[in-house]
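430 is the number that UniProt numbering gives to position 430 of the sequence shown; each next residue is one higher, with no gaps.
Where a beta carbon is used, it is the ideal one built from N, C-alpha and C, also for glycine.
Structure first, then comments.
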Amino acid sequence: MAQAYAGFDRSVLKARGVDPQIAEYFRHAPRFPAGRNRISLSVNGASAVQASAIFDESGQPCLDASLLERAGIAAPSGLYPESVETQCLPIAEGLAGAQVWLEPGQNLVRLLVPTDWLLAPATQPKAWTSGGMAGVLNYDALMVAGTADGQSSQYRSLGTELGFNAGDWVVRSRQNYTSFDGVARFETLYTQASKTWERYGAQVQLGQLNMRSALFAGEPFLGVQILPETALSQVANGLGSGALVQGLAYSTARIEVRQSGVVIYNTLVPAGPFTLNDLPLLSERLDLEVSVLEENGERRDFRVPAANLRPVSLGAMPSYALAAGKVRRLNQDGRDTPSFLALSRDWRLGPITQLSAGLMGADEYRSVGWGIDQALTRNMTARFQQLGSRTARGTQGHDLQAAVSTVLGEGLSVGLTTGRRSKGFQHLAETGLTSRADDRLAWAERHWAISLRHADPRWGALSGSLTRYSGVAGRDAARISTAWSQTFDRTTLSLSAQHDRVGQTRNTGVSANLSLPLGRNRRISTFARQDDVRGLRTGARYAEQVSDGLGYSIGVDRSATGRDDLNARLSGLPRYTSIDLGFSRGDAGGRHYDMALRGGLALHEDGVTPSPYPLRDTFGLIKVGDDAGVKIGTPHGPVWTDAAGRAVASSLPAYRVSRVEIDTTSLPRNLDVPNGFQEVQVARGAVPRLDFQAGSVRRLMLNIRTEDGAPVTKGFGVYDQHSQYLTTVVDTGLVYLDDAPAVVQLRVMLPDDRACSLELDTGRLPVSSGPYDSADVVCQTG
């Protein structure tokens, strides 16, 4: 590997006003500083990994065992000198034939080596960081209060999650407290621990869990569960379940989503169509129960079939699940808690078929199931599943589910799901129930649903669905919904309609919305809605995103009778927490208020660090100097350092490369960070330390004149008292020093090979609020 040099014509430089002495400094290509450096290392174009490397005086990397181990390159034993700190083995000598590219500006070293030098994947060391320890406290508070017609009501909810990460173990305990008009309820949803066995690609869970199985329902239980670690699979495509719920709110409404009677999601939505994504499901085998609670106290309920929660696809790798323990009852349920064992597994039978099978055994209960996923054509996939159950009392039954998904053309897809459940069938969580009157739809004999989606740049996005439940004794329900939207040069038009029928009760609602941009961060929207409950309503809303941490909206609604309702909302990210405030006032005098507060705290050996977002299984601790308010971009969103210079990257995707980057415009004027970004790849449950080297600097702009008052010449060199090159005169008379010492001693070159000298005590300069200090100085010759 040859050292790169640049040649300069000194006469040409001098003729163009550039100090010829600068040429000697710039003859060499940019280089790493001598000594040990933390670098990013890329081999044969693969994603860079973090590594520690030693560089010699010329900025060339030295070979050692740890560097090649991080690179995944095999090397013969005895290659390295006894002490690489004192004797450097250049790559050109140690790895003859390797190509090396050094990019000091990016802190990156790229290697290109023959592929037979690379270690086999099974023998390569893991590229991700593991370990670390920290405690966790997440909180999510919601309060809704209102008065109308002389009556007042109040709803309060507080969800907390306590736990810690240690040795890649993740321990969490979640509690939920709710209070509505004086009736309070407290639940411990779970206390559990989990760890990934990377060698086997499996995740082990212990404690109060929810069964995760493609066949069996997600029974809450106390025990152990073993699942595949999907994040280690090349097909893992992000966090979240993918479950989606769509609906229509007639006013600012609270949405509750339940599975098996347990609230799994709680949020507020504005009036109009809403979509909830990536819900934290207890199981893909249990229907979702969705409640829409309007401002005026009206409540509407609908269900989402379990078959709709899991997309029909052969893209996922075959899975398995093992669960054993004791059933756990919630909501003060006094039924028996039988012990059980459940096993399920998938087998890939060729490229177009996947078979599933499983069994569950419990005290006085048995269940067996099987399923098949089949690619019928290139664009059509079908799934069929059958479960059977039997109890000790002789009750038995079956549950059948089928689904078909097809792509009919570019951007057009259609899905069909259907299910049939016999009266005697029971999930393990349903054993011991004596009455079905509390939820007639949960015991439906049949249901089916059809959905359609189409997206086209010219015609917009269209979606529609039809769901029907048929129960015993003629008790049934149906739901039809459709939505269309299109964007025309940042102007968005959307239309939606929804019809619900439960027994003899019917309700239809339609909505239209037009959203117009008013500059970069402001929008105004107008809407019209018609429903059987509130009639026709029209209105307008103005919204502005003031900054990353502040947004607000103001709107007014008018009913068909001419009554006006005013509403406003403020969303803030005041650095260390997230807050949402809402207010609405009706023409009849009713008032409603809501407030939501969420975030997290990381407890570690250096103290407590707040986060505006809840902390997930894998998170990182960030350190940037000792100043507050430094903005840092993380995969989950921006965060800011506290008074100790610390912040939290609340969510890092396990086994994937994440980028954490400092917004340099937020740095204090006297703080310098040589490398403002880091890439990190961590194991699940790890708590990496992301320390950014920061130093205190004094940025100084000098206006230099000679003794006769003439400014020094642009383009000539500036040297320190030891004749080491520092910088160049950037403009007539102006010299900028990125980090000035307490006493500045400079030598500035002048035309005709003359030089002048100056000395400045920076401690005597007045305090400045600008990005740098300024001073006028005289440079003396002789």
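Residue of the options minimising C-alpha distance to residue i
{"i": "PHE164", "options": "ILE450, ALA382, SER344, ALA134", "result": "ALA134"}
{"i": "TYR265", "options": "GLU294, ASN308, LEU189", "result": "LEU189"}
{"i": "SER571", "options": "ALA202, ARG585, ARG563, ASP594", "result": "ASP594"}
{"i": "SER152", "options": "GLY685, THR381, GLU295", "result": "GLU295"}
{"i": "ALA98", "options": "ARG300, TYR320, PRO61, SER130", "result": "PRO61"}
{"i": "ASP500", "options": "ASP531, ARG523, SER515", "result": "ASP531"}
{"i": "GLY519", "options": "THR538, THR491, LEU536", "result": "THR491"}
{"i": "ALA643", "options": "THR618, ASP663, PHE619, THR609", "result": "THR609"}
{"i": "SER611", "options": "LEU621, THR618, GLY599", "result": "GLY599"}
{"i": "residue 783", "options": "ILE73, ARG420, GLY297, ILE255", "result": "This structure leaves residue 783 out entirely; the chain is present only between 1 and 782."}
{"i": "ASN703", "options": "LEU746, LEU108, ARG585, LEU293", "result": "LEU746"}
{"i": "ASN37", "options": "ASN44, ALA53, VAL43", "result": "ALA53"}
{"i": "ALA449", "options": "GLU430, THR406, THR417, LEU355", "result": "THR417"}
C-beta contact flag for residue i and residue j at 9 Å
{"i": "ASP672", "j": "ASP627", "result": "no"}
{"i": "LYS326", "j": "PHE221", "result": "yes"}
{"i": "SER559", "j": "TYR542", "result": "no"}
{"i": "ARG591", "j": "ALA148", "result": "yes"}
{"i": "PRO318", "j": "TRP347", "result": "yes"}
{"i": "TRP117", "j": "LEU89", "result": "no"}
{"i": "LEU615", "j": "PRO635", "result": "no"}
{"i": "GLU289", "j": "GLY261", "result": "yes"}
{"i": "residue 783", "j": "GLN205", "result": "Because the chain here runs from 1 to 782, residue 783 falls outside it and cannot be looked at."}
{"i": "GLN396", "j": "GLY388", "result": "yes"}
{"i": "ALA342", "j": "ALA321", "result": "yes"}
Chain-order list of residues whose beta-carbon lies under 6 Å from that of residue i (same chain, five-residue window excluded)
{"i": "SER768", "result": "none"}
{"i": "THR482", "result": "GLY464, ALA497"}
{"i": "VAL743", "result": "ASP761"}
{"i": "GLY59", "result": "ARG31, PHE32"}
{"i": "THR781", "result": "CYS756"}
{"i": "VAL680", "result": "SER658, PRO688"}
{"i": "ASN237", "result": "Unreliable positioning characterises ASN237 in this predicted model, as indicated by a pLDDT of 37, which lies under 50. The coordinate reading is nonetheless provided below. Once the five neighbours on either side are set aside, ASN237 has no close Cβ partner at all."}
{"i": "THR178", "result": "SER157, ARG185"}
{"i": "GLN678", "result": "VAL660, LEU690"}
{"i": "residue 800", "result": "What the structure shows of the chain is the stretch from 1 to 782, and residue 800 is not part of that stretch, so it cannot be assessed."}
{"i": "ARG174", "result": "GLU161, LEU189, TYR190"}
{"i": "ALA357", "result": "TRP370"}
{"i": "THR727", "result": "VAL718"}
Cβ separation of residue i and residue j, assumed to be a contact under 8 Å, to the nearest whole Å
{"i": "GLY415", "j": "ALA403", "result": "7 Å"}
{"i": "ASP606", "j": "ARG575", "result": "That pair is no contact at about 19 Å."}
{"i": "LEU41", "j": "ALA48", "result": "6 Å"}
{"i": "ARG214", "j": "GLU284", "result": "Checking the sequence shown, residue 214 turns out to be Ala, not Arg. Between GLU284 and ALA214 the Cβ distance is about 7 Å, and since that is below 8 Å, they are a contact."}
{"i": "ARG523", "j": "SER515", "result": "6 Å"}
{"i": "GLY218", "j": "LEU282", "result": "4 Å"}
Residue i (DSSP reduced to helix, strand or coil)
{"i": "ARG328", "result": "coil"}
{"i": "GLU445", "result": "coil"}
{"i": "GLN106", "result": "helix"}
{"i": "ASP565", "result": "strand"}
{"i": "TRP459", "result": "coil"}
{"i": "ASN308", "result": "helix"}
{"i": "ALA98", "result": "coil"}
{"i": "ILE480", "result": "strand"}
{"i": "LEU268", "result": "strand"}
{"i": "ASP363", "result": "coil"}
{"i": "ALA321", "result": "strand"}
{"i": "GLY763", "result": "helix"}
{"i": "PRO638", "result": "strand"}
{"i": "GLU298", "result": "coil"}
{"i": "residue 866", "result": "An answer regarding residue 866 cannot be provided, because it is not within the stretch 1 to 782 covered by the chain."}
{"i": "ALA74", "result": "coil"}
{"i": "PRO273", "result": "strand"}
{"i": "PRO517", "result": "strand"}
{"i": "THR728", "result": "strand"}
{"i": "LEU288", "result": "strand"}
{"i": "ALA231", "result": "helix"}
{"i": "ASP753", "result": "helix"}
{"i": "SER66", "result": "helix"}
Residue i: CB within 8 Å of a non-hydrogen atom of the ligand GDP
{"i": "ARG523", "result": "You won't find the ligand GDP in this model; it holds no ligand whatsoever."}
Sequence-distant residues of its chain with Cβ nearer than 7 Å to residue i (five each side left out)
{"i": "ALA166", "result": "MET133"}
{"i": "ALA392", "result": "GLU364"}
{"i": "LEU765", "result": "ASP773, ALA775"}
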